[in-house]
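To keep things clear, I will list the structure first and then write my remarks on it.
Number of protein chains: 2
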Amino acid sequence: MIEELPQRTELSTLGEFGLIDHLTKDIQLVNPSSVTGVGDDAAVIDNTDYQTLVSVDLLVEGVHFDLTYMPFRHLGYKAAVVNFSDIAAMNGIPKQIVVGLAISNRFPVEAIEEIYEGLQTACKKYKVDLVGGDTTSSTSGLFLSITVIGQAKKEAICYRKGASANDLLCVSGDLGGAYMGLLLLEREKAVYKANPAMQPDLDGYDYVLERQLKPEARMDIIERLQAADIKPTSMIDISDGLASEIMHLCKASELGCQIYEDKIPVDPTTISVAEEFNIVPTIAALNGGEDYELLFTISQQDYEKIRKIPGISVIGHFTEDKSSLLITNDGQAIPLLAQGWDGLK
Amino acid sequence: MIEELPQRTELSTLGEFGLIDHLTKDIQLVNPSSVTGVGDDAAVIDNTDYQTLVSVDLLVEGVHFDLTYMPFRHLGYKAAVVNFSDIAAMNGIPKQIVVGLAISNRFPVEAIEEIYEGLQTACKKYKVDLVGGDTTSSTSGLFLSITVIGQAKKEAICYRKGASANDLLCVSGDLGGAYMGLLLLEREKAVYKANPAMQPDLDGYDYVLERQLKPEARMDIIERLQAADIKPTSMIDISDGLASEIMHLCKASELGCQIYEDKIPVDPTTISVAEEFNIVPTIAALNGGEDYELLFTISQQDYEKIRKIPGISVIGHFTEDKSSLLITNDGQAIPLLAQGWDGLK
Numbered sequence: 004m005i006e007e008l009p010q011r012t013e014l015s016t017l018g019e020f021g022l023i024d025h026l027t028k029d030i031q032l033v034n035p036s037s038v039t040g041v042g043d044d045a046a047v048i049d050n051t052d053y054q055t056l057v058s059v060d061l062l063v064e065g066v067h068f069d070l071t072y073m074p075f076r077h078l079g080y081k082a083a084v085v086n087f088s089d090i091a092a093m094n095g096i097p098k099q100i101v102v103g104l105a106i107s108n109r110f111p112v113e114a115i116e117e118i119y120e121g122l123q124t125a126c127k128k129y130k131v132d133l134v135g136g137d138t139t140s141s142t143s144g145l146f147l148s149i150t151v152i153g154q155a156k157k158e159a160i161c162y163r164k165g166a167s168a169n170d171l172l173c174v175s176g177d178l179g180g181a182y183m184g185l186l187l188l189e190r191e192k193a194v195y196k197a198n199p200a201m202q203p204d205l206d207g208y209d210y211v212l213e214r215q216l217k218p219e220a221r222m223d224i225i226e227r228l229q230a231a232d233i234k235p236t237s238m239i240d241i242s243d244g245l246a247s248e249i250m251h252l253c254k255a256s257e258l259g260c261q262i263y264e265d266k267i268p269v270d271p272t273t274i275s276v277a278e279e280f281n282i283v284p285t286i287a288a289l290n291g292g293e294d295y296e297l298l299f300t301i302s303q304q305d306y307e308k309i310r311k312i313p314g315i316s317v318i319g320h321f322t323e324d325k326s327s328l329l330i331t332n333d334g335q336a337i338p339l340l341a342q343g344w345d346g347l348k
Numbered sequence: 004m005i006e007e008l009p010q011r012t013e014l015s016t017l018g019e020f021g022l023i024d025h026l027t028k029d030i031q032l033v034n035p036s037s038v039t040g041v042g043d044d045a046a047v048i049d050n051t052d053y054q055t056l057v058s059v060d061l062l063v064e065g066v067h068f069d070l071t072y073m074p075f076r077h078l079g080y081k082a083a084v085v086n087f088s089d090i091a092a093m094n095g096i097p098k099q100i101v102v103g104l105a106i107s108n109r110f111p112v113e114a115i116e117e118i119y120e121g122l123q124t125a126c127k128k129y130k131v132d133l134v135g136g137d138t139t140s141s142t143s144g145l146f147l148s149i150t151v152i153g154q155a156k157k158e159a160i161c162y163r164k165g166a167s168a169n170d171l172l173c174v175s176g177d178l179g180g181a182y183m184g185l186l187l188l189e190r191e192k193a194v195y196k197a198n199p200a201m202q203p204d205l206d207g208y209d210y211v212l213e214r215q216l217k218p219e220a221r222m223d224i225i226e227r228l229q230a231a232d233i234k235p236t237s238m239i240d241i242s243d244g245l246a247s248e249i250m251h252l253c254k255a256s257e258l259g260c261q262i263y264e265d266k267i268p269v270d271p272t273t274i275s276v277a278e279e280f281n282i283v284p285t286i287a288a289l290n291g292g293e294d295y296e297l298l299f300t301i302s303q304q305d306y307e308k309i310r311k312i313p314g315i316s317v318i319g320h321f322t323e324d325k326s327s328l329l330i331t332n333d334g335q336a337i338p339l340l341a342q343g344w345d346g347l348k
């Protein structure tokens, strides 16, 4: 990846301030609440009668991404989007990000430029302002820290807690695709390592590759819920896998749940790739991370409204009984286990 | 340092969520604007008629700190404080931080606990809430990313730009101490490496060691300026060295300056350590970083007011002429050169 860049400028030729100027010269602020962006000790964000949401995510080379198949531009895009998704999960709208970037000097300036291009592409698409950052060297590896600031009316904010027994558990989009994309990329990497002359064979896999390399934050779902006058009683985004996220919601509301295997949305491409890897598609959906879909609960009385919204599946309901059960296709009730991704293992 | 910890718990025994619970269980929110802290997808911060300030700083092992002489607790404290200083530099008050921490599993849980203890000690002292974080593993090294959110009335915010010719250039406290502390620690490290049986000889150096290991953000100066009804016309904090920061202010206001060597505040301990290292104390003050004092300009008409505030030195003034000059003790005018610390060199 690094060698493919048409130009190679050593980091030290620009220096820290030169690099910041260089990276941020084209940034234009679009949100009225962004009073001042990059270039001072702090960004300035105006607030009226909204509440501010803040979230941080750290992406570490070799832990969260592999540069052998993750282009820098996609890395920047994904880093921004997964943070926007955290704000969506609060029923808010992302407005600003600040970026911390630590990079070893084995990377040329062009690599950092591409990361910033990805960040800015995501910011433009989601109408978010990049308002500040800190760029420094690292002794090894690439570290990206993104802090996102979002906005929501106080009464609109959805927490992880707040659900009641019998509330319906809903999920947007489909699940397991990002994980299948990752397995494919890992397989192609292994093939390439064994024989660099082999061309990667990724035809027909576009959907799951895009799920892994270029995920989106479901702001559209937030808008549709608002348009339908539905306020989720609890919400989270699916970064670590459905089972793990369900557990978070159950724990926060001190409830259990029953979900139905046949209701879990899985795309046909995900199913066929899962079968290629001898993985039960439901397991991919339950434990595969990085789908960045929204998992939320609604009151039963909103059922008729939610049915009319495309792209949302009702997969089960919360129960007073604190056990979390998966009702399988053959009618068995088995305990849900959170085996999602753990950044510390 | 790591070996000295009385207990060693492997990171993997807790897992990511266990670790977050463990680290954040004692955190109590003190600011009314902190609606929700750690434990959801995003923190929730309320705003009334104030503007929000946001800044991020990244601290990288081997680049910004050396764990052979920087205790984890101090690292956490310093990481928080240098961010508070960024908000002070805007004439604002820090209110919340979010923390990104990437750590290799060569560190035990106790190391992370100590970092968090340092962060929380700083938060408590400065009445700031730790409202969120992301903790993950790294393939090597320790990375700390702190994003701080602050508050200020719109009309109170001081930018780097805004100064006029003839405005007086002021600096809080004294300069060069943190750099002398660093040189001392580096010397002791070299001695220890050559002969581990040697005991470090750091008696009488407390002041400069504390400047390096436990800097403070000058919120007291912000309060004193406000009490004296002085609003700086421009402001920045001194993280990279006086000369470099003066250049930032000059550039932002499109002005030059004259500063006087005999007005630059340097502590007697700093002078004696500088002499030990054969460094001209003025050079240490101009180019040594990490003092986290405030550099600001005021209108000439505020001179009588500023004179009465202890701990502030007037070191020069801004000029229409864009050259930046140091008037030396023997009356020569020499161009100021910014040779401050650069995180990318």
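Protein sequences, first through last, are from chains A and B.
Numbering-wise (this note's numbering), the first sequence opens with residue 4 and increments by one.
Numbering-wise (this note's numbering), the second sequence opens with residue 4 and increments by one.
Backbone N, C-alpha and C define an ideal beta-carbon position, used for all residues, glycine too.
Annotation for residue 146 of chain B: 63 and 105 place their beta carbon closer than 6 Å to its own, counting only its chain and skipping 5 residues before and after. Between the alpha carbons of residue 95 of chain B and residue 74 of chain A lies a distance of about 39 Å. Counting along the chain, the unbroken beta strand (DSSP E) around residue 237 of chain A starts and ends at 237-240.
The segment 65-74 of chain A and the segment 219-232 of chain A do not touch, with fewer than 3 CB-CB distances between them shorter than 8 Å. Membership of residue 271 of chain A in the alpha helix (DSSP H) is indicated by the continuous run 271-279.
For residue 287 of chain B, the closest alpha carbon among the candidates B/228, B/58, B/340 and B/197 is that of B/340.
For residue 302 of chain B, no CB of chain A lies under 7 Å from its own CB, so it is not counted at the interface with that chain. In its chain, beyond the 5 residues on either side, no residue has a beta carbon closer than 6 Å to the beta carbon of residue 282 of chain A.
Contact of residue 327 of chain B with chain A by beta-carbon distance below 9 Å is absent, the smallest such distance being about 15 Å. For residue 71 of chain A, no CB of chain B lies under 7 Å from its own CB, so it is not counted at the interface with that chain.
In the DSSP assignment, residue 322 of chain A falls within the unbroken beta strand (DSSP E) covering 315-322.
With a 10 Å radius around the Cβ and a threshold of 16 neighbouring Cβ atoms, residue 200 of chain A comes out exposed. Interface with chain B (7 Å Cβ-Cβ cutoff): residue 66 of chain A is included. A/272 is the residue among A/228, A/272 and A/259 whose C-alpha sits nearest the C-alpha of residue 210 of chain A.
Against residue 105 of chain B, the close residues of chain A are 61, 63, 66 and 146, in the order they occur along the chain (beta-carbon pairs closer than 8 Å).
Taking a C-beta distance under 7 Å as the contact criterion, residue 55 of chain B and residue 331 of chain A do not qualify as a contact pair. Counting only the Cα atoms, residue 59 of chain A lies some 29 Å from residue 158 of chain B. Interface residue (Cβ-Cβ distance to chain A less than 7 Å): residue 57 of chain B is classified as such. Contact check between the segment 313-325 of chain A and the segment 169-188 of chain A: three or more CB pairs, one atom from each, fall below 8 Å, which counts as touching. Only those residues of the segment 144-169 of chain B whose C-beta falls short of 7 Å from the nearest C-beta of chain A are listed: 144, 146, 148, 150, 152, 153, 160, 162 and 163.
DSSP places residue 341 of chain A outside both helix and strand once states are collapsed to three, so it counts as coil.
At least one CB atom of chain B sits nearer than 7 Å to the CB of residue 101 of chain A.
By alpha-carbon distance to residue 155 of chain B, the top candidate from B/241, B/90 and B/249 is B/90.
The C-alpha of residue 243 of chain B lies about 7 Å from the C-alpha of residue 290 of chain B. Taking 7 Å as the cut-off, the beta carbon of residue 170 of chain A is found closer than this to the beta carbon of residue 321 of chain A. Counting only runs of at least 3 residues, the segment 185-259 of chain A fully encloses the following beta strand (DSSP E) elements, listed from N- to C-terminal order: 237-240. Excluding the 5 residues flanking it on each side, residue 269 of chain B has same chain C-beta neighbours closer than 7 Å at 177, 178, 179, 284 and 288, in chain order. Distance between residue 107 of chain B and residue 69 of chain B, taken at the CA atoms: about 15 Å. Straight-line measurement puts the Cα of residue 240 of chain A at about 24 Å from the Cα of residue 324 of chain A. For residue 334 of chain A, no alpha helix (DSSP H) encloses it, and the DSSP letter there is neither H nor E. Nothing from the segment 285-309 of chain A brings a Cβ to less than 8 Å from some Cβ of chain B.
At a cut-off of 7 Å between C-beta atoms, residue 137 of chain B counts as an interface residue with respect to chain A. For residue 103 of chain B, the three-state secondary structure derived from DSSP is strand. Setting aside the 5 residues that flank it on each side, residue 259 of chain B is surrounded in the same chain by 253, 321, 322, 323, 324, 325, 326, 327 and 328, each with a C-beta closer than 8 Å to its C-beta; the list follows chain order.
Between residue 229 of chain B and residue 248 of chain B, the alpha-carbon positions lie close to 22 Å from each other. The closest CA to that of residue 245 of chain B, considering only B/81, B/83, B/294 and B/99, is found on B/294.
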